[in-house]
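The structure appears below as structure tokens.
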Amino acid sequence: MIGTFRRFLRSALPEPVRMSVALARRQLREFGPRRRFAARPDGAPSGAAGHPVATVTQPIKRTAFWEGKYHNISRGAELLDGVRIAPGETLSFWRLVGRPSEAAGFQMGRGIRGDALGGDIGGGLCQVSGIVYEAGLRAGLEVVERFPHSQDLYAEEDRFAPLGLDATVVWPYKDLQIRNGHDAPVTLRVAVEGEEIIAAVHGPAALAAHDLAIERIDGMAERHVTVTRIAPDGGRAVVSANRYALPPAEPAPPPCPIGEALRTDGFAFAGLADLADAYDPAGWAAFAQSWDRMPRDEYMADGGTYRRRRFSTFALEDGAIRAKPPQPHYQTTGYNPLNGGIDRHYEPIEPAIAAHPLFEGLMRRCGALFAAARPPEGGAWHVEAHQFRIEAAPDGEGRPTPEGMHRDGVDWVLILLVAREGVEGGVTTIAAPGGEPLVQRLLETPGAACLIDDRAVRHEVSPIRAAGTAMGYRDALVLTFRAEGAAD
Ligand SMILES: [Fe+2]
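Numbering follows my numbering, in which position 405 of the sequence shown is assigned residue number 402; successive positions increment by one, without gaps.
Here is the structure:
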């Protein structure tokens, strides 16, 4: 009931009022001779008294608000350095550091506010309180007040101290207070050196460091951390058992319908917008015009002169594309009974087109989509790129796939329609391995594409005929993907 009322007050009162209330309550609680607080030394710290009982070094990680954070950490270190804690005295972080404000010389630094990392005046001071806390624990000081963070917001590589050894400080609500229960005075030394902060507790030679054992259990929604202090005589005491919530998980990326279709159906139809990030109309025009500059395919075993083409090969790994030296195109007669079985030499794709952002973007995007559906063994793709123009004279027909219903003998295939001028026909059929058609679709608009799992389905494009009295044509880009190093 009281808790509910408090929570209500907390949310209803404006921040300055809440601060005043918290401050008054704290002063009341800490008033009187029961608690004696260590004060900052007059003048510069006069060096360490005794030997370093416990020393802790932490990196100051380069993060957002780095300069402000570094400044605040340095300022906090300065204000705590050299503080002597007499026997029975308590070190209060906020009593020594003071309210962090710009007037007091603090800057915007990275802090945790409202369970999120962000900018905060005095941001970074939690690292100072945390390192002082750890040094205090190791020096055998008593913990009077310490709050853990409520969330574990750090990835392992961003962590500057083990989870469980943090001490969040929020003026005036949450303080770090540690008491010297030893019968000799100790001195706190805190310094920033380069990109490290070092905190040490110095004391008489008789004082020895304590060990800390940290037990952490990672759950789905939170982490449980128990810190046990082991005294020099072997005595063990649990000093904290904290739960840290994990930040809410990133929302799952929206399902990729193309990837989904590739996995379940073995084929997918898509548009250029799905496949190329770098699409712009001017770029597309330059790209498509290169189909006007294609040599005739001299290897047509059916005697046809209706096909023009270029051919180049590439290696694609982790999004990096490497053009391979020109090489002949070879298919077995098993895959291509019409034109297979011999090396066929074609002019390479024009360098400007092979390096065109649209071309490279398509290759990368398809490589990623295909790898997501079934990664290439070894991690790299061997990509063969074919530019095709199939012509249809008024009295004849052109055959995009003269070999009929087929597989290309690779892992994956992209067929991208680049242009269709003055032709009819050219319907794409996808068929099951046994030959029964699964879908028929006309790639009609420039940029329309079909992605094919070449291991799962077969494909064919029906002949084209001139729609009028002039020569018509169908331009397509075909990219085939197979694992680098796999046999043809
Ligand atoms: Fe094919």
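For every residue, glycine included, the Cβ atom is placed at its ideal position computed from N, Cα and C.
Report the rounded CA-to-CA distance for residue i versus residue j, giving the unit in angstroms.
| i | j | result |
| --- | --- | --- |
| Phe311 | Glu381 | 6 Å |
| Pro348 | Gly268 | 25 Å |
| Asp271 | Pro292 | 30 Å |
| Met105 | Glu64 | 9 Å |
| Asp485 | Gly406 | Low confidence applies here, because Asp485 scores a pLDDT of 48, under 50, leaving its location unreliable and the question unanswered by this model. |
| Ala197 | Val140 | 16 Å |
| Lys66 | Val125 | 11 Å |
| Arg15 | Arg59 | 33 Å |
| Ala483 | Pro323 | 19 Å |
| Ala246 | Ala218 | 9 Å |
| Pro430 | Arg396 | 22 Å |
| Pro244 | Ser459 | 55 Å |
| Thr54 | Ile128 | 8 Å |
| Ala203 | Pro145 | 31 Å |
| Ala298 | Arg386 | 17 Å |
| Glu433 | Thr398 | 17 Å |
| Arg37 | Gly85 | 16 Å |
| Pro169 | Arg23 | 8 Å |
| Pro248 | Gly337 | 49 Å |
| Gln437 | Phe478 | 23 Å |
| Arg96 | Ala228 | 34 Å |
| His353 | Arg362 | 14 Å |
| Phe62 | Phe90 | 23 Å |
| Asp277 | Leu435 | 33 Å |
| Gly465 | Thr261 | 40 Å |
Hey, residue i and residue j: beta-carbon distance below 8 Å or not?
| i | j | result |
| --- | --- | --- |
| Leu414 | Pro443 | yes |
| Ser309 | Ile339 | no |
| Arg240 | His221 | yes |
| Tyr470 | Arg404 | no |
| Leu173 | Arg143 | yes |
| Ala258 | Phe264 | yes |
| Arg72 | Gly120 | no |
| Asn34 | Thr87 | This sequence places Phe at residue 34; Asn is not what is there. Cβ atoms of Phe34 and Thr87: closer than 8 Å. |
| Arg226 | His199 | no |
| Met402 | Ala428 | yes |
| Glu344 | Ile318 | no |
| Asp78 | Ala188 | yes |
| Gly422 | Tyr303 | no |
| Ala242 | Gln328 | no |
| Ile175 | Ala74 | no |
| Ile497 | Gly161 | Residue coverage of the chain in this structure runs from -2 to 485, which leaves residue 497 outside it and unanswerable. |
| Val424 | Leu439 | yes |
| Ala351 | Ala320 | yes |
| Leu25 | Arg135 | no |
Does the Cβ of residue i lie closer than 7 Å to at least one heavy atom of ligand 2?
| i | result |
| --- | --- |
| Thr398 | Summarising the ligand content, the structure contains ligand 1 and does not contain ligand 2. |
Taking residue i as the reference, which of the options has the closest Cα?
| i | options | result |
| --- | --- | --- |
| Asp408 | Arg386, Ala368, Ala429 and Thr425 | Ala368 |
| Val475 | Gly79, Leu359 and Gly375 | Leu359 |
| Asp117 | Val129, Ser98, Tyr130 and Gly127 | Ser98 |
| Glu481 | Pro84, Pro252, Glu344 and Ala377 | Ala377 |
| Arg462 | Ile427, Thr426 and Val420 | Val420 |
| Asp509 | Leu122, Ala136, Pro254 and Ser459 | Only positions -2 to 485 of the chain appear in the structure, and residue 509 is not among them; the question remains open. |
| Pro182 | Leu138, Ser147 and Val167 | Leu138 |
| Val167 | Arg304, Ala19, Ala228 and Gly79 | Ala19 |
| Arg472 | His383, Ala132, Pro11 and Thr52 | For clarity, residue 472 is Asp in the given sequence; the question names Arg instead. Minimum Cα distance to Asp472 is reached at His383. |
| Glu388 | Asp450, His326, Trp288 and Arg479 | Trp288 |
| Tyr296 | Thr261, Leu335, His353 and Ala228 | Leu335 |
| Gly375 | Leu313, Glu394 and Ala136 | Leu313 |
| Thr330 | Gly133, Glu154 and Glu400 | Glu400 |
| Ile82 | Pro252, Asn69, Gly47 and Pro254 | Gly47 |
| Pro254 | Pro391, Leu366, His179 and Ala283 | Leu366 |
| Arg290 | Pro278, Leu10 and Arg305 | Arg305 |
| Ile57 | Ala282, Ala320, Asn69 and Val50 | Asn69 |
| Asp450 | Ala370, Phe284 and Val436 | Ala370 |
| Ala238 | Ala320, Thr223, Gly256 and Asp315 | Thr223 |
| Gln286 | Gly465, Ala205, Arg307 and Ala416 | Ala416 |
| Gly40 | Glu12, Val80 and Ala21 | Val80 |
| Asp155 | Arg107, Thr426 and Thr165 | Arg107 |
| His179 | Arg92, Lys171, Pro201 and Gly191 | Pro201 |
Following a CB-centred definition, is residue i positioned closer than 7 Å to any heavy atom of ligand 1?
| i | result |
| --- | --- |
| Asp405 | yes |
| Gln456 | Per the sequence presented here, residue 456 reads as His, with Gln not at that position. The answer is yes for His456. |
| Val436 | no |
| Val380 | no |
| Val410 | yes |
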